[in-house]
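Each residue of the sequence shown is one higher than the one before, starting from 68 at the first, in this note's numbering.
Working notes, structure below.
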Amino acid sequence: MFTELYNNVRQRYGHGSGSMSMGDWIAANTTIKRRPFSYRHYPFQQAIADDMHPNLYVKKISQIGLTEVQIRKFLAMLTRHTGISGIFTLPSEKMYRKIYSGRIKPVLDADAIFNPPTGTAPVRSSSMIQIRDSFGYITGCTEGEATSISADFLMHDELDLSPEDMIALYQSRLQNSEMKMTQRFSTPSFKGFGIDRGFQLSDQREYVIKCEACNHHQIPLFTPAFVYIPDFRFDVSDFADLTAAQIATLNTQDAYVRCAKCSARLDLANADLREWVAKYPSRTLVRGYQIRPFSTSRLDPAYVFQQLVHYQSLGFLRGWYNTVIGEAYTDANAQLQRGDIEACMQGPRVPEVPTSRRVYIGVDVGFVCHLTLSFDDDDGNPVFFYFEVVPIGALEDRVRDLRKIYNIVQGCVDRFPFEPNADALRTVTSDLVMPVQYRGTAALAPVRDELGHITHYSANRTYILDRVQSLVGHRGLVLTGYGDQRETLITHLTDNVRKEEPDYSATWLKSPSGTDHYFHSIALNLLARRVNEHAYAQNKDVIRHSIACGSAAVGGGANDNLLGKGAERLSRLG
């Protein structure tokens, strides 16, 4: 009788007491491939499994078993607590169904601890898991799922692949909970985005190793300082600077990880020499872990070099930094650089602009709108000479006032999220400032109503933002008249990063703060040149009348800077 009672209690609550750490409980009660779950191959996992911090970020490399840990931790939470709800998110429905079938369901089926005796069969599906009175939801980051389920804790897998707006929505699911725990795991993508941004705000824990020869504590990195290669003769500080041909000459098979101080070989497999150490222990609100290739002994330098050559052949070096090195990466081609922006800057004062100059306006709409004015100089380079922040309620009046001062011949305003305001601005300016919607693959396409009138334009977002990047990178535009907004302008222009991966169309991503308003205002300003050309082609007489009324002489050599020679053709036609 006692044995039966003991077995029932063990089946219900598992081996060990309630004071057992989460990591120990997982090891004592779960299996993997029919063997007891163990941290033997990846000792660094246990601290992460144990950690119940309510605001946790794990920045990791790929394929080091953390998804298996997350799944067991998620199920353990549901098992060890009574009547709670948890949400486990993945970037898409396809991915969550794959993870459920290949990772979660086998654990549920294999381990009796997750199948305690109950009077009725528990609810089990790819999207919902019941363990006694607790419920776990597996979701693919859709808006319906993010707003219809209450929860006590959240686990976000592959955070950087997940839509940020949906991840933010999930936080509202915790409002009625006392636990309010969110733990996030991901390979990084870009600097300052997703998991990297959270980790930078955390206490930044690293898996440190002690050298047995000199007792020096260090974080082993994939750099020449830590990786010994026989007869290495290249003068580089980063192995990523080596070409595939140069790597082919290296004796990587005999390479090993060494102490940066005394050059003795480090024993990466000895867990007694390793510990998690926080760089900023006083930061208690956010917990962060960084997992690197040499956080484990199972990845040697030869493998990392092999992957470097592979990603170089794909032209996708960021993929190597993200998945193999575990670092966020943004190269100069993916983000506007501060040095390039500063090289385009020519002073804070607004210059005198003669009425003979054709001026373009760009408006990024929000509760606070960001306006830019520009003209093309005699060499065809756009000169952005005016930057202003205007409340949405004063936008129409301000544009009206600016038209009295400058010869504004065309403008663009983003259509969303304030469509009525954008349409009203089009109306009061008699189609001079046209709404633009980022949509489709065409560089620019008119959208007409049932009567054939153009109500707005659709434009390819990547194309026009690429144009801004190209002009700034080649010092092909001038920034002046920004007053005391110099740093604001730099911040807005460096906010976005260009995400480009094999087999996918490139796209620009903004940071969680979303401080990119002047970037889009400049893009819309440049696009106004093409809209102007299209309008001219549609109705030359209307454009001639507009030019005459404004006493605007089209300067020779004008260049639309978007189509190449578009405005030059317009000049000749005029």
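Glycine included, C-beta positions come from ideal geometry on N, C-alpha and C.
These figures come from a predicted structure and were not determined experimentally.
DSSP state of residue 558, grouped into three classes?
-> helix
Cutoff 7 Å; reference residue 516; Cβ partners in own chain excluding five residues on either side | 522
Closest Cα partner of residue 335 within the set 601, 573, 586, 109 = 109
Decide if residue 304 is buried, meaning its Cβ has at least 16 other Cβ atoms within 10 Å, or exposed.
-> exposed
Nearest to residue 339 by alpha carbon, out of 278, 200, 461?
-> 278
Is residue 353 helix, strand or coil when you go by DSSP?
-> coil
Could you pull out every residue in the same chain whose Cβ sits closer than 7 Å to the Cβ of residue 463, ignoring the five residues on either side in sequence?
-> 491, 492, 495
Starting from the C-beta of residue 347, find all residues in its chain whose C-beta is less than 6 Å away, skip the five residues before and the five after it, and write them out in chain order.
-> 270, 271
DSSP state of residue 274 mapped onto helix, strand, coil | strand
For residue 329, count neighbouring C-beta atoms within 10 Å of its own C-beta (all shown protein chains included) and say buried if the count is 16 or more, exposed if not.
-> exposed
Residue 360 vs residue 128 beta-carbon contact at 8 Å = yes
Beta-carbon proximity check, residue 253 vs residue 225, cutoff 8 Å | yes
Looking only at its own chain, which residues have a Cβ that is under 7 Å from the Cβ of residue 369, when we skip the five neighbours before and after it?
-> 319, 320, 322
Is the Cβ-Cβ distance between residue 112 and residue 142 less than 8 Å?
-> no
Compute the Euclidean distance between the alpha carbons of residue 88 and residue 120, then round it to the nearest angstrom.
-> 13 Å
Best match in 391, 366, 153, 367 for proximity to residue 377 [C-alpha to C-alpha] = 391
Minimum C-alpha distance to residue 437 - residue among 591, 420, 248, 148 = 591
Between the C-alpha atoms of residue 244 and residue 203, what's the straight-line distance to the nearest angstrom?
-> 15 Å
Enclosing alpha helix (DSSP H) for residue 122 [first to last residue] = First-last for residue 122: 122-126, but that is the beta strand (DSSP E), not the alpha helix (DSSP H).
Give the DSSP-derived three-state secondary structure of residue 86 in the structure shown.
-> coil
For residue 165, name the three-state secondary structure that DSSP assigns.
-> helix
Nearest candidate by alpha-carbon position, reference residue 312, set 479, 379, 246 = 379
Is there contact here, the segment 549-567 with the segment 387-404, by at least three beta-carbon pairs under 8 Å?
-> yes
Just mark residue 86 as buried or exposed, buried being the case when its beta carbon has 16 or more other beta carbons within 10 Å.
-> exposed
Check residue 233 in the structure and name its three-state DSSP category.
-> helix
Euclidean distance between Cα positions of residue 577 and residue 159 = 20 Å
Mapping DSSP to helix, strand and coil, what is residue 208?
-> coil
If you count every other CB in all the chains shown that lies within 10 Å of the CB of residue 573, and 16 or more means buried, which is it?
-> exposed
Helix, strand or coil for residue 610 per DSSP?
-> Its pLDDT being 45, under 50, residue 610 is placed unreliably by the model, and nothing is read from it.
Going straight from the alpha carbon of residue 306 to that of residue 326, what length do you get?
-> 17 Å
Please check the pair residue 152 and residue 218, which I expect to be a contact at CB under 8 Å, by giving their CB distance rounded to whole angstroms.
-> 5 Å
Residue 138 lies in the alpha helix (DSSP H); which residues open and close that run?
-> 133-147
Ends of the alpha helix (DSSP H) at residue 262?
-> 261-267
What residues match up with residue 693 in a beta bridge as DSSP calls it?
-> Outside the modelled stretch of the chain, which goes from 68 to 641, sits residue 693, for which no answer is possible.
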